[in-house]
Structures are given as structure tokens and as C-alpha cells.
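K.L.:
Residue numbers (this note's numbering): 294 to 920.
1) Distance, Cα to Cα, residue 791 vs residue 817?
2) Would you give the residue range spanned by the beta strand (DSSP E) that residue 428 belongs to?
3) By Cβ distance below 7 Å, which residues in the same chain neighbour residue 618 in space, the five residues on each side in sequence not counted?
4) Among 406, 439, 578, which residue has its Cα nearest to the Cα of residue 542?
5) Using the beta-carbon count (16 or more within 10 Å), is residue 449 buried or exposed?
6) Could you give the C-beta distance for residue 364 and residue 441, rounded to a whole number, given that I count them as a contact under 8 Å?
7) Compute the distance between the beta-carbons of residue 891 and residue 805, then report whether it is under 8 Å.
8) Given a threshold of 16 other Cβ atoms within 10 Å of its Cβ, counted over all protein chains shown, does residue 900 qualify as buried or as exposed?
9) Taking 8 Å as the cut-off, decide whether the C-beta atoms of residue 538 and residue 749 are in contact.
10) From what residue to what residue does the alpha helix (DSSP H) around residue 317 run?
11) Short of 7 Å in beta carbon distance, which residues of its chain neighbour residue 919, apart from the five on each side in sequence? Order them along the chain.
12) Using the Cα positions of residue 922 and residue 614, report the straight-line distance between them to the nearest angstrom.
13) How many angstroms separate the CA atom of residue 597 from the CA atom of residue 412?
14) What residue from 555, 371, 595, 802 has the CA that sits closest to residue 327's CA?
15) Can you list, in chain order, the residues of its chain whose CB lies under 6 Å from that of residue 606, leaving out five sequence neighbours each side?
16) Please report the straight-line C-alpha distance between residue 778 and residue 546, rounded to a whole angstrom.
17) Take residue 559 and list the residues in its own chain whose beta-carbon comes closer than 8 Å to its own, dropping the five residues that flank it on each side.
18) Can you give the Cα-Cα distance for residue 668 and residue 807, rounded to whole angstroms?
19) What residues in its chain sit with their C-beta under 7 Å from that of residue 485, if we drop five residues either side in the sequence?
20) If you drop the 5 nearest sequence neighbours on each side, which residues of the same chain put their C-beta closer than 6 Å to that of residue 583?
21) Going by DSSP, what residues sit across from residue 815 in a beta bridge?
22) Which residues in the same chain have their Cβ closer than 6 Å to the Cβ of residue 729, if we skip the five residues on either side of it in sequence?
23) What's the call for residue 466, buried or exposed, on a 16-neighbour Cβ count within 10 Å?
24) With C-beta atoms as the reference, is residue 742 less than 8 Å away from residue 727?
25) Looking only at its chain, what residues have a beta carbon closer than 8 Å to the beta carbon of residue 911, apart from the 5 residues adjacent to it on each side?
26) Expressed to the nearest angstrom, what Euclidean distance is found between the alpha-carbon atoms of residue 715 and residue 897?
27) Is it buried or exposed, residue 492, if we count other Cβ atoms within 10 angstroms and call 16 or more buried?
28) Tell whether a beta-carbon distance below 8 Å holds between residue 386 and residue 505.
29) How is the beta strand (DSSP E) around residue 754 delimited, first residue to last?
30) By DSSP, does residue 893 sit in helix, in strand, or in coil?
31) Whole angstroms is fine: what's the gap from residue 534's alpha carbon to residue 419's?
32) Would you give the residue range spanned by the alpha helix (DSSP H) that residue 794 belongs to?
33) Taking Cβ positions only, does residue 494 come closer than 8 Å to chain B?
34) Taking the alpha carbon of residue 821 as the point to measure from, which residue in 850, 851, 843, 788 has its own alpha carbon closest?
35) Could you spell out the range, first to last residue, of the alpha helix (DSSP H) harbouring residue 500?
36) Please classify residue 799 as buried or exposed, where buried requires at least 16 other C-beta atoms within 10 Å of its C-beta.
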């Protein structure tokens, strides 16, 4: 083995480039983030051959001073941080000072810049060599232009890993989309091989921001999205989440930003997945564009070379905040929101935001209150329109009544008295007073309810709709009774790791709130003495170990709630109206009214849609009317 020696600057930069520069899209990300940090209001990106032959990024930022240009291509040279305190509260997108040095070590790079107030512009050039660069005068307006040519020209082994031009440009375009979604106040343009791909103006108003999202993603996404704007305990969440009816076969329309930086975080994904759990069809993925804002001191962005991962100081609080906010937003969606083509009212702050939040100054009591509330308020605030919520001890009676549906639904829509068998008269013309789902006309093959509303015709899957109504009622009934626990006849002893045993001790109060009593009896052993009554048939060892795993990874667990809801969903399925059961017009109308008041009534417990709308325009097209 050879003696220890220092690597040459060129080799060190190429090693760093292996972490930072994988394809042209990585170069665009680093250079555009530098432009944003420089205060640019307009950024132009030109690419040739997928960005492999040429990348040109222009901005109108404050530029680089003449004396700083020789340092610009050096490693660990940056204007964004100076002390350790700056690193612990990074407010800029870049901070390591590695990007330009890494890029210039594997490309032919030319940097031209003119600083604000300077009379002349200057340029610096490098071709994969040591960082001793010469500065020459140039012609350029205020701002900076970087030209990156011939990616990996001096490392042919890495060039072989590049994909086709189409594939490389698709990655580059996706990167530009993320950057354009992160800063609405900046205008972006993207050209490929001389052809304009995106031309985005700055968007200050909400409607202009929605237009940008629609142009970059999908117009149907904005039309089927719920607008979020919630604030609590020093955290703020804004953006849009797609309704369960707008789901994707793959997770290709999920954008999450933390303080303006796009991230992919397991904790965030877990929280959003929980919020969509019983409204999304199996195998489908939600779509969202969300922005989380918090004090920079409460999040560590110096985790991964690409800066795509972050670490929250209080991950449990962030997880609960995201889950509760999205769970409430999706639960508040009603048929009239979807039919109107608009989103529900913006979420109001759930608690007053903490001003001047500093690192480590969260109140422990506020955190515990927040998490306890998250456990106890899962069912939301829905109150059914008929058959009042059962009182304590009456869940089985509620289920028995729902299972047979032997009694007519005796509450009329809109407070009118209806006798069994007497049809509800339809209005002669569409009226603003007509309910969102309209009034029932007939039943089709004992499965579907046909209704007329102001927009046209509504078709309702009566079993799926009633299944959701029953499910939400059962959840409310169980929540009102509290978690009923049952001691185990023979306590179950589990062999766990020391970390899991530590977690069992640390989260003992959370387990107790969920109806589980367990204690540590050895360094790597815990004993379970009590579980919820509803889960007495569950596999206790697997349930507890899965919960401990969730607590270690995400700081929270909903395994018991998931098992409980799965059981209630099965009960609701068996207790809902079945196919081929003849419903009277008043019964059908009462079911429609209850759908309008029930959370998540657009989907059954399994994520399938419960109703669909056919507008008059769509019906006219079927019969070629108006041609």
C-alpha cells in the first residue's frame, strides 16, 4: 500500500462531482438554486441534446464581484454561510460551496457575470483542470450566465452511464418544474434544442399560481384539488392536495417543499399516506403540491449531498401536524365543493402560531396536547343527518339497526315532512335551493340511485355510499365511548431489541391512550398485559412490534387505529344496504342528504367512488344535441 498523501485539487473535485453531478438535471438544480439565492427575478435555461452538449443558465440576480470571480470555481468557497451558527439555521438553498467546483471539473464551464453597480462584466473559464482560473473582460448585463458544455468529456466511463437524450431531458424538465413550483415570484423559461418548452411569468396572485401549477402538472389536478392554508405550533402548511378521485397509478405528482426547498422525506410520506388511508383505492397514489414553513433552526438540511433529505428536530410534531391538517381538509370536502368546481374554504389556523420560535423552545405540554388531541379526534366533527349517533354502550345496537335497514329513513331532506311511499316532488327548473346531489328519480337494477340536480344527472352507488355513512358513524360511536381495554388472561411476553424496549418505556403514555398496557421486564423483553377490546382477535406480538417500529422511525404509530378502523369497515360493509333492496323515493333522498353531510362521502371505505356526475353538456354530446 502506498504512503498517505493529499489528493490533487482536480481529483478531489471529480470525487465530489460523483456525489453532486450525476446527469444534466443535477447541474441545472445547483445552478438555478444559486441564481435564486442571488435574488434573480428571471431565469432562462437553454439545453441542447438533453443538456449533455450544452446547458446555459442566465439570471438577472445581483451578480458576482470582479475580485470574487477567481474564488467562484474553488471548492468550499461560498457567500452564503460564514460561521457554524449559519450552518445550523440555513436560509439559502446552497451553502456548501461545492457545486461550481464539481461541475467545472467534469465539463467545459464559462461563467460570465456583472455585479450591481459595476461598470464592466467579467468571465472565468475552466475545462476540467485545476482551479487556477484567469479572469477576462466580457460584455454582459447585470446578472450571471453560466455555460456548461460537453458533460463528462474527460471522464468517459461516467459518460457511458448517461441515458438517451429524451430521458436526460425528461429528468432536466422535472427539475425545472420543481424549481418553478418552489418560487412563484420568479419567471422561468426553458428551451431545448431551440424550441420553447416552458415560458412562465412571475405569479403573485393565487389564481396565477394555480395557472402555473396547472401548466406544469395537469389542469385536472387544480380542478380536483383542495387548497390548504393552516398554521399551528410554529408550523405553517400551504398548497394543494388532490381529491381521492384524482389519484395516480404511480407517485409522479408529489411535490413537497420545506422552507422553499424540495425534499423527499420518509416522515412526510408516511403522514400523507395516513391522511389518505381509507379514501384511496388500493395501489393508487395521491397527488399534492405542499409547502411547509418553519423556523430554519428546527430543520437540518445538511443531511445528504443532493440536499433532498432533511431531518426535523421534532419529527413527531411535524408528522402529527401534517396528518391532522390533511385529514381534516379531505374530511371537509362535500359534494357541493366538487360540483361547484371550487375548493373548500381555506383551512383556518387550528391554534395560534407561536411567534419568534427558537430552536428547542417548543413547550412540552403543547406537544403532548397536540398528540393527545390527534389520538382522540380521529373521527372529526361530523354529525349525521338522521339516526342520531349512538350513546355509550350502543355500538352493537347501532350495527344491528344498520344491518337490516328494515325501518324507513324517516327524516326528510331540507326539513320537510315526508310520509313513507310519498315521492318528493322535483322542482320545475334548476334552482339555487336544490341540494348538491339533487333529488332521487329512480333506482336502477337495485344498485344505483338516479338523481337530478342543477348540473344534470347524478348516479350513486347506494351500497358504497351507505357503507361510508355507516363507517363514519361507527367511528364516532366508538370514539365517544373511548378506548375500551381488556386485560389479557395470559400476558404476552415479547423478545425485542434494546432500542425497541427503550421505545416501549419512552412511549408508555401513548400506548396507554390507545388502550395498550405494556411494561419492560428485561433489557430486551416487554410484557403486554392489556389490549383494546375491539382488537382481541388481533395478533398481539406482531401488532406491538409493528407499533414499536413505527415509533422508532416516525415518532408516532397508528397501528391500533388502523386495525380498529379495518374492523369497523368490515362491520359497516356488512351493515350497509345491499344490492337489489328496493328503496322508496324518501329513503333515497334521505341517503343523498346524508351523503352531503358525511365526511369523505365521495369514496367508500375501500377508496372506490360512491357517486358520479353527468352534466347536461355531457348528456347533450351523447345525443349530438346542438350540432
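Just so it is clear, CB atoms sit at the ideal spot from N, CA and C, and this is done for glycine as well.
P.N.:
The structure says:
1) Those two C-alpha atoms are separated by around 5 Å.
2) Element bounds for residue 428: 428-431.
3) Answer for residue 618: 521, 523, 530, 640, listed in chain order.
4) Closest in C-alpha terms to residue 542, from the list 406, 439, 578, comes 578.
5) That one is exposed.
6) Incorrect: roughly 19 Å between the Cβ atoms, too far for contact.
7) Cβ distance not < 8 Å, so residue 891 and residue 805 don't count as in contact.
8) Buried is the label assigned to residue 900, since at least 16 other Cβ atoms lie within 10 Å of its Cβ.
9) No, Cβ-Cβ distance for residue 538 and residue 749 is not below 8 Å.
10) Looking at the DSSP string, the run of the alpha helix (DSSP H) that includes residue 317 is 317-330.
11) Short of 7 Å from the beta carbon of residue 919, and not among the five residues preceding or following it, lie these beta carbons of its own chain, in chain order: 913.
12) The structure shown has nothing for residue 922, since the chain only spans 294 to 920.
13) Going by C-alpha positions, residue 597 is about 40 Å away from residue 412.
14) Answer by Cα proximity: 371.
15) Setting aside the 5 residues that flank it on each side, residue 606 is surrounded in the same chain by 591, each with a C-beta closer than 6 Å to its C-beta; the list follows chain order.
16) Whole-angstrom Cα-Cα distance: 41 Å.
17) Short of 8 Å from the beta carbon of residue 559, and not among the five residues preceding or following it, lie these beta carbons of its own chain, in chain order: 846, 847.
18) With a pLDDT of only 39 at residue 668, under the threshold of 50, the placement of this residue in the model should not be trusted; the figure read from the coordinates follows. Going by the C-alpha atoms only, they are around 8 Å apart.
19) Excluding residues within five positions, the ones whose Cβ falls inside 7 Å are 340, 462.
20) Result list for residue 583: 532, 549, in chain order.
21) Answer by DSSP bridge pairing, in chain order: 818.
22) Within the same chain, residue 729 has close Cβ partners 628, 629, 632, 889.
23) Within 10 angstroms of the beta-carbon of residue 466 lie 16 or more other beta-carbons, which makes it buried.
24) Not in contact: residue 742 and residue 727 (Cβ atoms no closer than 8 Å).
25) Closer than 8 Å at Cβ, skipping near neighbours: 749.
26) Because residue 715 sits at a pLDDT of 46, beneath the cut-off of 50, its placement in the model cannot be relied upon, and the point is left open.
27) The residue in question, residue 492, is exposed, as its Cβ has fewer than 16 Cβ neighbours within 10 Å.
28) Contact flag unset, no.
29) It spans 749-754 - the beta strand (DSSP E) in which residue 754 sits, taken as one unbroken run.
30) Coil.
31) Each residue's Cα considered, the two are about 45 Å apart.
32) From DSSP, the alpha helix (DSSP H) with residue 794 extends over 791-799.
33) The chain inventory of the structure shown lacks chain B, comprising one protein chain alone.
34) Distances from the CA of residue 821 to each of 850, 851, 843, 788 were compared; the closest alpha carbon is that of 788.
35) Taken as a continuous stretch (DSSP letters only), the alpha helix (DSSP H) holding residue 500 covers 499-509.
36) Burial is judged here by how many other beta carbons sit within 10 angstroms of a residue's own beta carbon; residue 799 has fewer than 16 and is exposed.
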